[in-house]
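Read the structure below first, then the notes.
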Amino acid sequence: MLKKRWVVERTFGWLMGCRRLVRDYELLSETSETFIYLAMIRIMVRRLA
């Protein structure tokens, strides 16, 4: 259980590296969700490279 917690905490830490996700600028939740997807794609591409 503890290992999963660290994975989630680390993922949230990576997402907070994207300035747009730190504050709630978006009016629609779909827009926020899209930016989260884009941020995760960016993180995964960087990790694969």
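In terms of full-length UniProt numbering, the sequence shown is residues 1 to 49. All residues carry an ideal CB built from backbone N, CA and C; glycine is no exception.
How long is the line joining the alpha carbons of R10 and S29, rounded to whole angstroms? Position 10 of the sequence shown, counting from 1, holds the residue named residue 10. Position 29 of the sequence shown, counting from 1, holds the residue named residue 29. Taking the straight line from one Cα to the other gives about 23 Å.
Nearest-angstrom Cα separation, counted from R46 out to I36: Stepping through the sequence shown from its first residue, residue 36 is reached at position 36. Stepping through the sequence shown from its first residue, residue 46 is reached at position 46. One C-alpha to the other measures close to 15 Å.
Put G17 into one of helix, strand or coil per three-state DSSP. By 1-based counting over the sequence shown, the position of residue 17 is 17. In the structure shown, G17 sits in coil (DSSP, three-state: anything other than H, G, I, E or B).
Where I4 and G13 are concerned, what is the direct C-alpha to C-alpha distance, given to the nearest angstrom? In the sequence shown, the residue the question calls residue 4 occupies position 4. In the sequence shown, the residue the question calls residue 13 occupies position 13. The sequence as given places Lys at residue 4; Ile does not occur at that position. One C-alpha to the other measures close to 14 Å.
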